[in-house]
Amino acid sequence: MDGGDEGSSLSASRTTVDLTGDKAAVVDLTGKVHQLPCCIKYDGPASVSHYFKPKITGVEVDGLRVEEAYFRGRNLHGTTITLPQDCSGFILGKKTPVEETKTTNSECWETNATFKNVTVWNHDEMPSKEDAFVRAFHWFAVANTLHRTVTAEDLESTCID
Numbered sequence: 030m031d032g033g034d035e036g037s038s039l040s041a042s043r044t045t046v047d048l049t050g051d052k053a054a055v056v057d058l059t060g061k062v063h064q065l066p067c068c069i070k071y072d073g074p075a076s077v078s079h080y081f082k083p084k085i086t087g088v089e090v091d092g093l094r095v096e097e098a099y100f101r102g103r104n105l106h107g108t109t110i111t112l113p114q115d116c117s118g119f120i121l122g123k124k125t126p127v128e129e130t131k132t133t134n135s136e137c138w139e140t141n142a143t144f145k146n147v148t149v150w151n152h153d154e155m156p157s158k159e160d161a162f163v164r165a166f167h168w169f170a171v172a173n174t175l176h177r178t179v180t181a182e183d184l185e186s187t188c189i190d
């Protein structure tokens, strides 16, 4: 099958992501996004804030303010990481298709919420700058440097005579 037949079951799919969103409908979840060291096999409503209550400990490790919480009886230690100034966090949800796109093989996603920080939790150790999640944020600076336009002054300042 060459894929050119009209009756072919193979069709191109298209995915779109709308990050603009309706500003009034988009929720700001800054201070409420958590990365937990577990897998939760449930997708539905839950009264998480009733049971999950992080507290500031007053302890600082590697310059990171440590928080403490319990999840299903396990003691967790975490720290809140602020996203870099030129970055934003988005929580996406599937957009309800409009009539003309229902027949095409496309997926549309829209912004349901935004956030400016995320709290990262460990259950066996205190948070540190060596945590993989925390270290991943260093790549933002590397990516910005790699993609920055090189100017004539940059070339002159690195020139070795």
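Residue numbers (the working numbering): 30 to 190.
From the three backbone atoms N, C-alpha and C, an ideal C-beta is built for every residue, glycine too.
| DSSP state of L121, grouped into three classes? | strand
| message | What does DSSP give as the partner residue(s) for Y99 in the beta ladder? | response | N104
| query | Count the other CB atoms within 10 Å of the CB of H176; is the residue buried (16 or more) or exposed (fewer)? | reply | exposed
| By a C-beta neighbour count over all protein chains shown, 10 Å radius and 16 as the cutoff for buried, is W168 buried or exposed? | exposed
| Rounded separation between T59 and C188 - CA only | 44 Å
| said: Going by DSSP in three states, A142 sits in which element: helix, strand or coil? | reply: strand
| query | By a C-beta neighbour count over all protein chains shown, 10 Å radius and 16 as the cutoff for buried, is E159 buried or exposed? | reply | exposed
| task | Please state whether DSSP places E159 in a helix, a strand or coil. | result | coil
| field | DSSP beta-bridge partners of V90 | value | L93
| G87: buried (16+ other C-beta within 10 angstroms of its C-beta) or exposed? | exposed
| Simplified DSSP assignment, three categories, for T148 | The answer is strand: DSSP assigns T148 an E or B state.
| Inter-residue Cα distance where the pair is G32 and S42 | For G32, the predicted model reports a pLDDT of 48, less than 50, meaning its position is unreliable; a value from the coordinates is still stated below. Each residue's Cα considered, the two are about 14 Å apart.
| field | Beta-carbon proximity of Q64 to V179, cut-off 8 Å | value | Not closer than 8 Å, so no.
| query | Does the distance from the CB of V46 to the CB of G107 come in under 8 Å? | reply | no
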